[in-house]
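Report on the following structure.
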Amino acid sequence: MGATTDDWSRLPVGRSELRQDAVLAGSLALGMGVTVTLYGASGAYDDDQAAWWVSALMVLANTVPIALRRRFPMSVLVVVALAFVGTALLHVPELFVVNFTLFIALYTVGAWCSDRVRAEAVRWVVIGGMFAWLFLAIVFGWAVPTSLPNDGDALIPPYIAYSLLNVLINVVYFGAAWYAGNRAWGAAVARHELALRTAELAAERERSAAQAITLERVRIARELHDVVAHHVALMGVQAGAARRVLGRDPEQAAASLSVVEDSARTAVGELRRMLGTLRSHDAGDHGASAGATDRARTGGAHTGVTADTAHTGRAADTAPSTEGIGRIAEVVEAARTAGHPADWSVVGEERPVPPTVAAVAFRIAQEAVTNVLKHAGHGARADVRLRYLAEAVEVEITDDGRGGTRDTTGSGLGHVGMRERVAAVGGTVEIGPRARGGYLVRAWLPTT
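If you want my numbering, it's the position in the sequence shown, counting the first as 1, plus 78.
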């Protein structure tokens with residue numbers, strides 16, 4: 079039956095195809111007019127030959143429908159088949175071009191009809207009718223055995239050989255038209271499906287590139303948040319402390335301002351290092367568009383967690399702005415300097431951990447301690463613990479909730495970033511208020 083597709087059709091055709099068919103029909107009509115004249119001159123039917131006007135009508139009946147073969151393929155096949163039979167029955171002297179017109183009509187039904195069931199049915203009806211007519215002609219021929227010479231010494235009687243030859247020629251003729259039409263239809267379906275896949279791939283590339291650019295922006299925004307938020311929060315707390323004690327305790331005010339200066343210098347240094355890493359990474363991707371496409375191939379069709387995985391797995395090992403577990407103690411010390419009591423403890427035997435896990439642990443501690451400074455109120459105590467477990471490390475940050483009314487006006491992006499970073503290394507995180515007061519952040523990070 080040939081390959082098929084749903085909701086697709088080669089029809090209707092355009093003006094170019096109609097012009098081509100009109101030219102083909104005109105050429106066939108001209109050729110058939112020539113062959114009718116030549117066959118008539120040769121005395122093909124002797125005195126039984128059709129009148130010239132009958133021959134002219136049959137020429138038109140066989141060839142003119144071809145001009146509409148791709149617009150009404152099944153109707154054209156039926157008309158041409160009837161004209162083919164009429165040409166023989168009316169003794170029109172033509173035995174050559176008429177075979178081309180019927181072949182073209184059969185081929186067109188197989189090559190252009192989208193309704194494959196009807197195409198099969200119409201072709202079977204026409205071919206069945208043609209073979210029925212052939213067998214009737216053979217039977218009538220056998221009824222007049224003297225119409226062919228009969229040599230008793232022949233291996234196959236002449237009338238049987240003639241009949242078999244006619245059957246074989248018709249089988250090849252109709253089989254070739256059937257096969258060629260189905261092959262043309264299959265090739266058209268394959269081209270259509272290829273065009274669809276090409277369009278889908280192009281659209282997917284555009285979506286992946288756009289999504290990769292968005293994920294890259296999210297990654298840069300998260301990194302900026304990690305680098306800047308902690309230091310800016312610490313600077314704000316220290317500046318406030320300096321303002322409060324400036325009049326009565328100049329030394330304490332100077333110490334607070336010194337912390338502000340150090341935090342600003344550290345933040346600027348980390349920003350420079352981070353931007354340098356981003357620039358070198360973009361240069362390695364041969365431009366922004368190529369970089370977006372490459373990142374889309376590895377993570378463009380997923381969520382922000384995948385983008386963070388790509389960042390922590392590819393850039394964290396080399397980016398100086400994402401330090402490891404060793405710097406958690408510095409975060410705790412900065413909280414103490416800011417006037418918040420803070421404890422730092424390590425549980426279990428220390429051991430090396432993967433760089434990505436160490437980077438995530440540091441960022442979790444930095445973000446959680448920053449939230450204590452920003453939201454827990456003045457004087458709230460921060461407790462930071464790092465536990466080395468058998469197959470993981472656990473970082474836990476809590477505050478006692480005694481710093482006064484908790485500030486809950488934050489954007490929540492810090493929590494989103496913590497969850498994404500933990501998910502990127504296959505860990506889990508618990509964030510929320512404690513039953514006995516205060517707030518808890520606990521991240522479990524696998525090391526194997």
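C-beta: ideal position from N, C-alpha, C; glycine also.
If you're wondering where the values come from, they're calculated on a predicted model, not measured in any experiment.
For residue i, count neighbouring C-beta atoms within 10 Å of its own C-beta (all shown protein chains included) and say buried if the count is 16 or more, exposed if not.
i: Q444; result: buried
i: I403; result: buried
i: I247; result: exposed
i: I238; result: exposed
i: E68; result: Residue 68 lies beyond the range of the chain shown here (79 to 526); nothing can be said about it.
i: A197; result: buried
i: P398; result: Summary for P398: the model assigns pLDDT 35, below 50, so the residue's position carries little reliability; its value from the coordinates is reported in the next sentence. Classification of P398: exposed, given that the 10 Å Cβ count is below 16.
i: I205; result: buried
i: H364; result: With a pLDDT of 45 at H364, under the threshold of 50, the predicted position of this residue should be treated as unreliable, though the coordinate-derived value follows. Flag for H364 reads exposed.
i: W256; result: buried
i: R414; result: exposed
i: A436; result: buried
i: L451; result: buried
i: I144; result: buried
i: A502; result: buried
i: L523; result: buried
i: T434; result: buried
i: F54; result: With the chain represented from 79 up to 526, any question about residue 54 goes unanswered, as that position is not in the structure.
i: T371; result: Because T371 sits at a pLDDT of 39, beneath the cut-off of 50, its placement in the model cannot be relied upon, and the following sentence gives the value as read from the coordinates. By the 10 Å Cβ count, T371 comes out buried.
i: L243; result: exposed
i: V154; result: buried
i: T526; result: exposed
i: A388; result: At A388, the pLDDT of 35 sits below 50, so the modelled position is not reliable; the number obtained from the coordinates is stated separately. Label assigned to A388: buried.
Under 8 angstroms, do residue i and residue j count as touching if we go by C-beta distance?
i: D478; j: A446; result: no
i: T141; j: L180; result: no
i: A420; j: A454; result: no
i: L324; j: A331; result: yes
i: R520; j: E474; result: yes
i: A189; j: V158; result: no
i: F440; j: R405; result: yes
i: L168; j: A128; result: yes
i: R514; j: T476; result: no
i: L312; j: A412; result: yes
i: V431; j: W422; result: no
Since I believe residue j is in contact with residue i (beta carbons under 8 angstroms), could you give me their beta-carbon distance rounded to a whole number of angstroms?
i: V176; j: T165; result: 5 angstroms
i: W211; j: V163; result: 6 angstroms
i: R148; j: V91; result: 5 angstroms
i: P171; j: Y123; result: 6 angstroms
i: V200; j: M152; result: 5 angstroms
i: R463; j: V471; result: Contact flag wrong, Cβ pair sits at about 11 angstroms.
i: V438; j: V500; result: 6 angstroms
i: A320; j: L335; result: 5 angstroms
i: L518; j: G510; result: 6 angstroms
Which runs of the alpha helix (DSSP H) fall wholly inside the stretch 172-240 and span at least 4 residues, in chain order?
-> 175-190, 194-220
Considering only residues of the stretch 139-172, which uninterrupted alpha helix (DSSP H) runs meet the minimum length of 4 residues and lie entirely inside it, listed in chain order?
-> 151-167
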